[in-house]
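Numbering (numbering that gives the first Met the number 0), first residue to last: 0 to 271.
The block underneath contains the structure these notes are about, expressed in structure tokens.
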Amino acid sequence: MPELPEVESVVRDIRPFVCGKKICDVEIFLPRLVKTDVDAFCISLVGQSIKSVERRGKYILISLGNKKLLVIHLRMTGALIYLEKGSQKSEPYTRIKFCLEDGSRLIYADSRTLGTLHLVDGICELKGLAELGSEPLAPDFSADYLRERLARKKGAIKGALLNQEIIAGLGNIYVDEALFRSGIHPERVALTLEKKELSLLHREIQEVIREALGEGGTTFRDYRNGLGEAGNFQERLKVYGREGKPCTKCGKALEKIRVVGRGTHFCRYCQK
DNA sequence: ATAGATTCCTGGCTGC
DNA sequence: TGCAGCCAGGAATCTA
Numbered sequence: 000m001p002e003l004p005e006v007e008s009v010v011r012d013i014r015p016f017v018c019g020k021k022i023c024d025v026e027i028f029l030p031r032l033v034k035t036d037v038d039a040f041c042i043s044l045v046g047q048s049i050k051s052v053e054r055r056g057k058y059i060l061i062s063l064g065n066k067k068l069l070v071i072h073l074r075m076t077g078a079l080i081y082l083e084k085g086s087q088k089s090e091p092y093t094r095i096k097f098c099l100e101d102g103s104r105l106i107y108a109d110s111r112t113l114g115t116l117h118l119v120d121g122i123c124e125l126k127g128l129a130e131l132g133s134e135p136l137a138p139d140f141s142a143d144y145l146r147e148r149l150a151r152k153k154g155a156i157k158g159a160l161l162n163q164e165i166i167a168g169l170g171n172i173y174v175d176e177a178l179f180r181s182g183i184h185p186e187r188v189a190l191t192l193e194k195k196e197l198s199l200l201h202r203e204i205q206e207v208i209r210e211a212l213g214e215g216g217t218t219f220r221d222y223r224n225g226l227g228e229a230g231n232f233q234e235r236l237k238v239y240g241r242e243g244k245p246c247t248k249c250g251k252a253l254e255k256i257r258v259v260g261r262g263t264h265f266c267r268y269c270q271k
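Put into structure tokens, the structure is as follows:
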């Protein structure tokens, strides 16, 4: 499940290899992943050079010479992998191939095929992208921002942290980890968090994202970076996927429950 | 305005 | 051993 650290790793990996190169062909094996007109998608991409590769939330933004923007969301099992010229690797579940002028390729692979690709003129054309909240590591993500955005949220804090309109890029893994580090129960009503808890939560969100970035993200099942390699942060997870195992703080068994429809890992003794 | 349920999708795991 | 059924979950869409 690629979240901010995983998507950022992909972007950092592929950027130096694809920037400045021209796309000479696009092969689409599963057209329904392309959510804008497929013919226009191919026509507008072929012959264009790649100007930049950026990330916003969990979206990958690839800007082209003709000012168009290729927007890729990996969802659950999507992967964007760079293959150099002559590479014999065949990526399983290849859905779309972007062939570059020097013989290298950018492969979009996706086993569960929930990923999306859009070709747009600007960010505002995509609602989910246009309405993203603050980046957790950007200066505008402050403890005050978090307090203001949670002040009217009557649902579980877990749900609010997963809401991309509040914080861009958090997913199930890092929300569970940040709540554990903060000692906050995932079912706490968001607006009941006290100022002290909010500033701790703010700090732990930033810290867990920073650490995960440093480890090249988390490979729990399928995630691979832009070069097809696994991340390392799974070794540092404290609660996600550790139900039944001892809590690293108190030693009692961690539990898994369902909160806002999501599998949620936590310690009932350490998170209040 | 807000929150909850449903939908998409398939590989891998569980249990009979 | 075989297979049905369930689960993983991000985000759009729908309902209340």
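Beta carbons are placed, not taken as given, at the ideal position from N, Cα and C, and that holds for glycine.
Treat the numbers as computed from the prediction; the structure is a model and nothing was measured.
- Taking 8 Å as the cut-off, the Cβ atoms of L169 and L178 do not count as close.
- For L212 against P4, the beta-carbon gap comes to about 5 Å, under 8 Å, which counts as contact.
- Classified as buried, P1 has 16 or more neighbouring CB atoms from the shown chains inside 10 Å of its CB.
- G213: member of the alpha helix (DSSP H) spanning K194 to G213, first to last residue.
- V188 counts as exposed, since fewer than 16 other C-beta atoms from the protein chains shown sit within 10 angstroms of its C-beta.
- The Cβ atoms of I61 and I49 lie closer than 8 Å to each other.
- Note on geometry: alpha-carbon atoms of A108 and Y92 lie some 5 Å from one another.
- Within the same chain, Cβ atoms closer than 6 Å to the Cβ of G77 are found at D109 and G114, the five residues on either side in sequence being excluded.
- By the Cβ-count criterion, C246 is buried, with 16 or more other Cβ atoms from all chains shown falling within 10 Å of its own Cβ.
- Under the DSSP definition of a beta bridge, A155 partners with V188.
- Along the length of the stretch 88-124, whole beta strand (DSSP E) runs at least 3 residues long occupy 93-99, 104-109 and 115-119, reported in chain order.
- If you look at E26, you'll find it in the beta strand (DSSP E) that goes I22 to I27.
- The residues G154, A155, K157, G158 and L161, in chain order, have a CB closer than 8 Å to that of V259 in the same chain once the five nearest residues on each side in sequence are set aside.
- At least 8 Å separates the beta-carbon of K244 from that of L236.
- According to DSSP, T263 shares a beta bridge with I256.
- Closest in C-alpha terms to E90, from the list F265, D221 and A142, comes D221.
- In the three-state scheme derived from DSSP, where H, G and I count as helix and E and B as strand, A177 is classed as helix.
- Here Y239 carries a coil assignment [DSSP, helix/strand/coil].
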